Amino acid sequence: MAVTAKKALALMTEAHERGRLAHAFLVSGPAGSGKRDLAARVIQLVNPPPDDGAANLFGDDDREVAVKPLEELEGEFVRIVRPESKSRRIKVEQIRELEHAFQMAAPAGTWKIGVVLDADRMWDEPSNAFLKTLEEPPPGSLVLLLTAQPELLLPTIRSRCVDLVLQPVSRAEPLEGEEREAFGQLLDRSGRERSARGALLLRGGFEAILASRKAAIAARNEASLKEEAAAYKQTTEGDWLEKRAEYFKARTEAEYIGVRAGLMDWLIGWMGDAVRQKVGAAGLAYPESAAETAAFAASEELPGLLRRLDALQELREGLNTNVQEGLAMEIAFLRAFG
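Heads up: the sequence shown begins at -8 in this note's numbering, then just goes up one per residue.
Printed below as a string of structure tokens:
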């Protein structure tokens, strides 16, 4: 379950105070969710700066205390690994340097910390090199892996970290203007005229949006692959281009899954607003669609609305497995909107 960066910090603070802080965390979340700020605060939690007489980072007063940017905390006992090559990947040499730093002695009470930015940029070789550190962490060491796309990390890496998923600071709008208008019309029609045909039209509109997004993702990654091929084709091993093609194929699929999840969350939020309108609850997730959700709510009793909401939630869960996407959507849309 996603939490705010503030809540994640509170959980880590409590674990640290109890002497139960894990040695490795996978901090994921979209851009702007506060991953770097959280890392900076955790660093100053375990290696607090000298007391200058003011309220400390976690002092008794409730004022927001300024925290140094992550880059300013880098030093002998805080190492930051980031993609540096033109291909935007983390090299195995960088991971080995981090492992060497973890083996160095540190003063009593000082943690050795490694922060890996854009951790999804580790290919198999650096990831495999990093496994030993995660399996047998040196005493007093802490690893923070930061990424917006945890799906691209090896399962062996993910399984050895405590997962912290951060909520976005602001609500993302998954539909663009024309998409929202066209899809909103289909939803409005579904609320006024319940039919299998209307549900399938709605599914078709949803799948068209998904197909458009996937094509844009694929085109962007294909362009990146072509740029890398032009820059490195003559200076790399023979199977390099094939491996990069596989990487970008996996990246396209992972990005698409993220977009699909965002659109599913939007659709579930929309149906949830219909339920809220039915019971007179305040705080709509999408107040701009209040007229449509009110009309949908007026067309059915509460038990039926809850069953429709369940159908969408089950679809979201099913899409995280190996179900056939098109068939699963057809069944769910018929249940939710037919």
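By construction, the Cβ of each residue, glycine as well, lies at the ideal position given by its N, Cα and C atoms. Bear in mind that the values here come from a model prediction, so they are computed numbers and not experimental data.
Could you check whether the segment 130 to 137 touches the segment 29 to 42, counting it as contact only if at least three pairs of C-beta atoms, one from each stretch, sit closer than 8 angstroms?
With the rule of 3 Cβ pairs closer than 8 angstroms, the segment 130 to 137 counts as touching the segment 29 to 42.
How big is the Cα-Cα spacing for L325 and E90?
One alpha carbon belongs to L325, the other to E90, and they sit about 53 angstroms apart.
Beta carbon of G25: closer than 7 angstroms to some heavy atom of the ligand PLP?
Among the components of this structure there are no ligands whatsoever, and the ligand PLP is therefore not found.
Bounding residues of the beta strand (DSSP E) (the contiguous stretch that carries I104):
For I104, the enclosing beta strand (DSSP E) has its first and last residue at 103 to 107.
What ranges does the alpha helix (DSSP H) occupy inside the segment 63 to 102, keeping only unbroken runs of at least 4 residues that lie completely in it?
DSSP runs (the alpha helix (DSSP H)) wholly in the segment 63 to 102: 83 to 94.
For A207 and L254, I'd like the C-alpha separation in whole angstroms.
Cα-Cα distance, rounded: 15 angstroms.
Could you compute how far the alpha carbon of E316 sits from the alpha carbon of A(-7)?
As the crow flies, the alpha-carbon of E316 is around 24 angstroms from that of A(-7).
Supposed close pair Q176, G20 - CB separation, criterion 8 angstroms:
Contact doesn't hold; Cβ gap of about 33 angstroms is too wide.
Straight-line Cα distance separating V72 from A(-4):
The alpha-carbon atoms of A(-4) and V72 are separated by roughly 21 angstroms.
Would you call R311 buried or exposed, if buried means 16 or more other Cβ atoms sit within 10 Å of its Cβ?
Sequence check: residue 311 is Asn here, not Arg. Burial is judged here by how many other beta carbons sit within 10 angstroms of a residue's own beta carbon; N311 has fewer than 16 and is exposed.
Quick check: the segment 268 to 276 against the segment 235 to 254, are at least 3 beta-carbon pairs closer than 8 angstroms?
Three or more Cβ pairs closer than 8 angstroms define a contact, and the segment 235 to 254 falls short of that threshold against the segment 268 to 276.
Ends of the alpha helix (DSSP H) at A110?
A110 -> no alpha helix (DSSP H), and no H or E assigned at all.
Coil, strand or helix - D230 by DSSP:
Residue state, collapsed to three classes: coil.
Do you know how far the Cα of D109 is from the Cα of K240?
One Cα belongs to K240, the other to D109, and the distance between them is close to 18 angstroms.
Here's a check: name, in chain order, each residue in its chain whose Cβ is nearer than 6 angstroms to the Cβ of S118, leaving out the five neighbours to either side.
Within the same chain, Cβ atoms closer than 6 angstroms to the Cβ of S118 are found at L145, I148, the five residues on either side in sequence being excluded.
The alpha helix (DSSP H) that contains L0, what's its start and end?
Membership of L0 in the alpha helix (DSSP H) is indicated by the continuous run -4 to 8.
What residue range does the alpha helix (DSSP H) around L333 cover?
Absent from the model: residue 333. The displayed extent of the chain is -8 to 329, so no value can be given.
With a 10 Å radius around its C-beta and 16 neighbouring C-beta atoms as the bar for buried, classify D51 as buried or exposed.
Any reading at D51 is ruled out, since the residue's pLDDT is 46, under 50, leaving its predicted position unreliable.
Round the Cβ separation of A139 and A22 to the nearest angstrom and send it over; I've been treating them as touching at under 8 angstroms.
About 6 angstroms separates the two Cβ atoms, so the contact holds.
Can you grab the Cα-Cα spacing for the pair P141 / W231, in whole Å?
Roughly 23 angstroms between the two C-alpha positions.
Provide the residue span of the beta strand (DSSP E) that contains L133, from first to last.
Looking at the DSSP string, the run of the beta strand (DSSP E) that includes L133 is 132 to 138.
Just grab the DSSP bridge partners of L15 for me.
Here residue 15 is Ala; the residue named in the question, Leu, does not match the sequence. BP columns for A15 point to V134.
Considering only the alpha carbon of each residue, which of L296, N38, L192 lies closest to E67?
Closest by alpha carbon: N38.
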